[in-house]
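Colleague: Can you read through this structure? Questions will come right after.
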Amino acid sequence: MTTGSSSSTGPAHRLVEAGITGLIALFGAVVIYGSVKAGINWGSEGPRAGFFPFYIGIFIVASSAINLWNGLREDNDALFAEWGQLRQVMSVVVPTAIYVGVMPFAGLYLASAVFIGWFMRWLGKYRWVTVLAVSLGMPIVTYFIFERWFLVPLPKGPVEEWLGL
Amino acid sequence: MEELANLFQGFAIALQPFNIMVMVLGIVLGVVIGVLPGLGGANGVAILLPLTFSMPPTSAIIMLSCIYWGALFGGAITSILFNIPGEPWSVATTFDGYPMAQQGKAGEALTAAFTSSFVGALFAVVMITLVAPLVASFALRFGPAEKFAVYFLAFCSFVGLSKEPPFKTIAAMMMGFALAAVGLDSITGQLRLTFGFTEMLNGFDFLIAVIGLFGIGEILLTMEEGLSFRGGKAKINLRVVVQTWKELPAYWMTSLRSCLIGCWMGITPAGATPASFMSYGIAKRMSKKGNNFGKGEIEGVVAPETAAHAAGTAALLPMLSLGVPGSPTAAVLLGGLLIWGLQPGPMLFVEQKEFVWGLIASMYLGNLVGLIVVLTCVPIFAAILRIPFSIIAPLILVLCAIGAYSVHSSTFDVILMLVFGVIGYLLKKCNYPLAPLVLAIVLGDKAEEAFRQSLLGSQGSLGIFFSNALVSTIMILGLIALFWSVIQQGYTRLRGATA
Chain A
236 MTTGSSSSTG
246 PAHRLVEAGI
256 TGLIALFGAV
266 VIYGSVKAGI
276 NWGSEGPRAG
286 FFPFYIGIFI
296 VASSAINLWN
306 GLREDNDALF
316 AEWGQLRQVM
326 SVVVPTAIYV
336 GVMPFAGLYL
346 ASAVFIGWFM
356 RWLGKYRWVT
366 VLAVSLGMPI
376 VTYFIFERWF
386 LVPLPKGPVE
396 EWLGL
Chain B
237 MEELANLFQG
247 FAIALQPFNI
257 MVMVLGIVLG
267 VVIGVLPGLG
277 GANGVAILLP
287 LTFSMPPTSA
297 IIMLSCIYWG
307 ALFGGAITSI
317 LFNIPGEPWS
327 VATTFDGYPM
337 AQQGKAGEAL
347 TAAFTSSFVG
357 ALFAVVMITL
367 VAPLVASFAL
377 RFGPAEKFAV
387 YFLAFCSFVG
397 LSKEPPFKTI
407 AAMMMGFALA
417 AVGLDSITGQ
427 LRLTFGFTEM
437 LNGFDFLIAV
447 IGLFGIGEIL
457 LTMEEGLSFR
467 GGKAKINLRV
477 VVQTWKELPA
487 YWMTSLRSCL
497 IGCWMGITPA
507 GATPASFMSY
517 GIAKRMSKKG
527 NNFGKGEIEG
537 VVAPETAAHA
547 AGTAALLPML
557 SLGVPGSPTA
567 AVLLGGLLIW
577 GLQPGPMLFV
587 EQKEFVWGLI
597 ASMYLGNLVG
607 LIVVLTCVPI
617 FAAILRIPFS
627 IIAPLILVLC
637 AIGAYSVHSS
647 TFDVILMLVF
657 GVIGYLLKKC
667 NYPLAPLVLA
677 IVLGDKAEEA
687 FRQSLLGSQG
697 SLGIFFSNAL
707 VSTIMILGLI
717 ALFWSVIQQG
727 YTRLRGATA
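Structure, rendered in structure tokens:
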């Protein structure tokens, strides 16, 4: 597999890391806010619900501050990843997001078949025969293993209803 | 002697035909999981956990733990043949295993790896058999303060022993605790941190986090690297096996040392990965052929594999006896116990004798079955890796989605899984360790409960954690673990000054 484009530019590691550290700190701040709302002092039944998470939030914010300081102080020109590599990653994330978003309406089996088919045809460039064999075979095998043998129900959509499964 | 009787009873349970069947099935699935990129021990077990909902708990734990042993074996295959560690703990195996394969000695390397894995696991299982009941009966006397101290020690060891920067470990861990706190507060029954979203009422399930962080995250990393598989041929015949077995006893010292390192690192939740690196490093320093390490020395395969397997197995000791898992995979198994309606911790040894000893007996048998399976079927497993990634990747993604959905039959969880996956990818790229995050989600509620109950008993004074010899000892050990790297640095500097 190639990495797509051959350009060796991309976002700087230092910047991305600083951004992520900032998001973690924000998460910590949200935790602190939520804890204060739930009550961080002592009630009649002892420490209240926000007591423990409040300190957890403080730890998150404090350690993020140190991580941010350490990250920015470091002299590091490395790239986070090349744009081509990130494109590869997005070529998985975007279809998976669509797959996951469609699942509640289309059911797992249909969504999986289309998803596997799309992946193999567009990213793998396989012949249609191979694509159809795998993309239809996998949901069928899944149906028998999960629903029939181990009795684990999976989300179904209109197609399964039409087939009467 | 009571333990011996219990163990024999356990063997009787593990040897029931159905249990042997799930054992073999688990091992084979485990090796496949270990071979495939993106499917590791932890999320492999998490995905397959729903399959066990309808099984008796003993058979369920046998199958899942065997998947774990299989994954430990499987990691070595790809490391040696393809120079691609299927699992993080087999990275150190590539150092000498792959050069051996290039020199046409793949068979020897694989035999050495599998045999060492078996030896390491056996050593750890014997230790579990002897030590776990003692630890459990000791832990029965623990109050909330002691319980919290054990959690404290476990999490501090992460900070002190992991190779990631300590403040990143702390940040990752605390995020896990925060996620665990979301939802219903178990003591006051009050809602917290849900911000009005009904989906968050029950908090975050760690199984979803495991599948996302380790499964999806790993796929994204693999996509970015753009893997191409170029590897040696796998051929093992009986002659090579016997030949290698004749050679191996010469390395008994390395083996024993690696077993001890592995057991130690497995019980403290540092886990299999640092154990394998540490064992490799020490073997390199101590061996007479140390300079040859990295060029295809068989001892360089023995050391990391023994330690990784010993650590992976030993991680179950604290899980069984204290309810504190020593690795992410052990944490998933612990989550399984809760789902099957068992309460992990010292009471297991009293109330669920059949379960505990059936599991321990299955560890002996499972590893033996594993050794036989991998030695005989290596070419088949190696062939799996030749399947192109553009077929494997969507199949694994679909499997992850099925696993995430079937935990609570919720499509919201599947969306959450993808979010965790992207977060896992970003965190991994920025050098944040994921294992403490997952363990914190698993143990967060219990740690908090122990903490608050202790404070309740002492009217809010932190002195309770140093109120008697036992709890103080555990807390001080925790503090030493927390500041371990600082202590080590200070010691080297002190020695430098006096010399």
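Protein chains in written order, with my numbering: chain A, 236 to 400; chain B, 237 to 735. Don't be surprised by glycine CBs; every beta carbon is placed ideally from N, CA and C.
Sorted by chain position, which residues of the same chain lie with C-beta nearer than 7 Å to A/LEU345's C-beta, five sequence neighbours on each side aside?
Modeller: Answer for A/LEU345: GLY392, VAL394, listed in chain order.
Colleague: Tell me whether B/LYS524 is buried or exposed, calling it buried when 16 or more other Cβ atoms sit within 10 Å of its Cβ.
Modeller: That one is exposed.
Colleague: So, does the CB of A/VAL328 fall closer than 8 Å to a CB anywhere in chain B?
Modeller: For A/VAL328, the answer is yes, since a Cβ of chain B falls inside 8 Å of its Cβ.
Colleague: Apart from the five residues just before and just after B/GLY453, which ones in its own chain have a Cβ nearer than 7 Å to its Cβ?
Modeller: Closer than 7 Å at the Cβ level, and outside the excluded window around B/GLY453, lie GLY657, GLY660, TYR661, LYS664.
Colleague: At a CB-CB cut-off below 7 Å, which residues of chain B make contact with A/LEU386?
Modeller: What A/LEU386 touches in chain B: SER290.
Colleague: For A/LEU193, which of helix, strand or coil comes out of DSSP?
Modeller: In the structure displayed, chain A extends from 236 to 400; residue 193 of chain A sits before or after that span and is not available.
Colleague: Going along the chain, which residues of the region 361-381 of chain A sit with their C-beta nearer than 9 Å to a C-beta in chain B?
Modeller: Those residues of the region 361-381 of chain A that come within reach of chain B (Cβ to Cβ, closer than 9 Å) are TYR361, THR365, VAL369, SER370, MET373, PRO374, THR377, ILE380, PHE381.
Colleague: Could you run through the region 676-693 of chain B and flag, in chain order, every residue whose CB is less than 7 Å away from some CB of chain A?
Modeller: Going along the region 676-693 of chain B in chain order, one finds GLU684, PHE687, ARG688, LEU691, LEU692 with a Cβ nearer than 7 Å to chain A.
Colleague: Please look up how many angstroms separate the CB atoms of B/GLY498 and B/GLY356, rounded, as I've assumed it's under 8 Å.
Modeller: That pair is a contact at about 5 Å.
Colleague: Looking at the strands, I want to know which residues DSSP matches up with B/LEU663.
Modeller: Partner(s): none; B/LEU663 has no beta bridge.
Colleague: Please list, in chain order, the chain A residues whose beta carbon lies closer than 7 Å to that of B/ILE634.
Modeller: One detail in the question is off: residue 634 of chain B reads as Val in this sequence, not Ile. Those are SER347, PHE350, ILE351, MET373, listed as they occur along chain A.
Colleague: What does B/VAL386 reach in chain A if we use C-beta pairs closer than 9 Å?
Modeller: What B/VAL386 touches in chain A: nothing, since even the nearest Cβ is about 17 Å away.
Colleague: Which class does B/GLY276 belong to by DSSP, given the choice of helix, strand or coil?
Modeller: Note: B/GLY276 maps to coil in three-state DSSP.
Colleague: On the three-state DSSP scale, how would you describe B/LEU670?
Modeller: B/LEU670 falls in the coil class under three-state DSSP.
Colleague: Which residues, in order along the region 405-417 of chain B, keep a beta-carbon less than 8 Å from a beta-carbon of chain A?
Modeller: Residues ILE406, ALA407, MET410, MET411, PHE413, ALA414, ALA417.
Colleague: Tell me the start and end of each unbroken alpha helix (DSSP H) in the region 362-429 of chain B that is at least 4 residues and wholly inside, in chain order.
Modeller: Those alpha helix (DSSP H) runs which fall completely within the region 362-429 of chain B and span 4+ residues are 380-397, 402-417.
Colleague: Are the region 380-395 of chain B and the region 677-692 of chain B touching by the rule of at least three beta carbon pairs closer than 8 Å?
Modeller: In short, these stretches touch, since the Cβ pair count reaches three.
Colleague: A/SER279 touches chain B at which residues, Cβ-Cβ below 7 Å?
Modeller: Simply none; closest approach about 10 Å.
Colleague: Please state if the CB of B/ILE303 and the CB of B/ILE249 are separated by a distance shorter than 8 Å.
Modeller: Cβ distance not < 8 Å, so B/ILE249 and B/ILE303 don't count as in contact.
Colleague: Alpha helix (DSSP H) containing B/SER315: first to last residue?
Modeller: B/SER315 -> alpha helix (DSSP H) spans 293-318.
Colleague: If the criterion is Cβ atoms closer than 8 Å, does the pair B/LEU675 and B/PRO564 meet it?
Modeller: Yes; because the gap between Cβ atoms is below 8 Å, this pair is in contact.
Colleague: Nearest to B/GLU535 by CA position, among B/ASN279, B/PHE244, B/ALA345, is which residue?
Modeller: The candidate whose alpha carbon is nearest that of B/GLU535 is B/ALA345.
Colleague: Where does B/PRO321 fall in DSSP's three states?
Modeller: In this structure, B/PRO321 counts as coil in the three-state DSSP scheme.
Colleague: As an exercise, report each continuous alpha helix (DSSP H) stretch of at least 4 residues that is fully enclosed by the region 544-591 of chain B, in chain order.
Modeller: Correct list: 552-558, 564-575, 584-587.
Colleague: Leaving out five residues before and five after B/ALA296 in sequence, what residues of the same chain have Cβ atoms less than 7 Å from its Cβ?
Modeller: Around B/ALA296: THR288, GLY572, TRP576.
Colleague: What residues match up with A/PRO282 in a beta bridge as DSSP calls it?
Modeller: Answer is A/TRP277, bridged to A/PRO282.
Colleague: Span of the alpha helix (DSSP H) holding B/TYR334?
Modeller: Residues 327-338.
Colleague: Spell out the partners DSSP gives A/LEU314 in its beta bridges.
Modeller: A/ALA247, per the DSSP bridge assignment.
Colleague: If you pair each beta-carbon of the region 363-374 of chain A with each one of the region 335-354 of chain A, do three or more pairs fall below 8 Å?
Modeller: Output reads yes: the region 335-354 of chain A touches the region 363-374 of chain A.
Colleague: Under the rule that 16 or more other beta-carbon atoms within 10 Å means buried, what is B/ALA351, buried or exposed?
Modeller: The question names Ala, but residue 351 of chain B in the sequence shown is Thr. By the neighbour-count rule (16 or more Cβ atoms within 10 Å), B/THR351 is buried.
Colleague: Let me know if B/GLY732 comes out buried or exposed under the rule of 16 or more other beta-carbons within 10 Å of its beta-carbon.
Modeller: Answer is exposed; the Cβ neighbour count stays below 16.
Colleague: Figure out for me which residue from A/GLY269, A/ILE333, A/TRP357 has the closest Cα to the Cα of A/ALA284.
Modeller: Measuring from the Cα of A/ALA284, the nearest candidate turns out to be A/GLY269.
Colleague: Is the beta carbon of B/ALA417 closer than 8 Å to that of A/PRO288?
Modeller: Cβ distance < 8 Å, so A/PRO288 and B/ALA417 count as in contact.
Colleague: When you compare the CB of A/SER241 with every CB in chain B, is at least one pair closer than 8 Å?
Modeller: Here the model assigns A/SER241 a pLDDT of 45, short of 50, so the residue's position is not dependable and the matter cannot be decided.
Colleague: What does a CB cutoff of less than 8 Å around B/MET291 pick up in its chain, not counting 5 residues either side in sequence?
Modeller: Contacts found: VAL258, MET299.
Colleague: For the region 287-302 of chain A, which residues have a CB atom closer than 7 Å to at least one CB atom of chain B, in sequence order?
Modeller: Listed by position, the residues of the region 287-302 of chain A near chain B (Cβ gap below 7 Å) are PHE287, PRO288, ILE291, GLY292, PHE294, ILE295, SER298, SER299, ILE301, ASN302.
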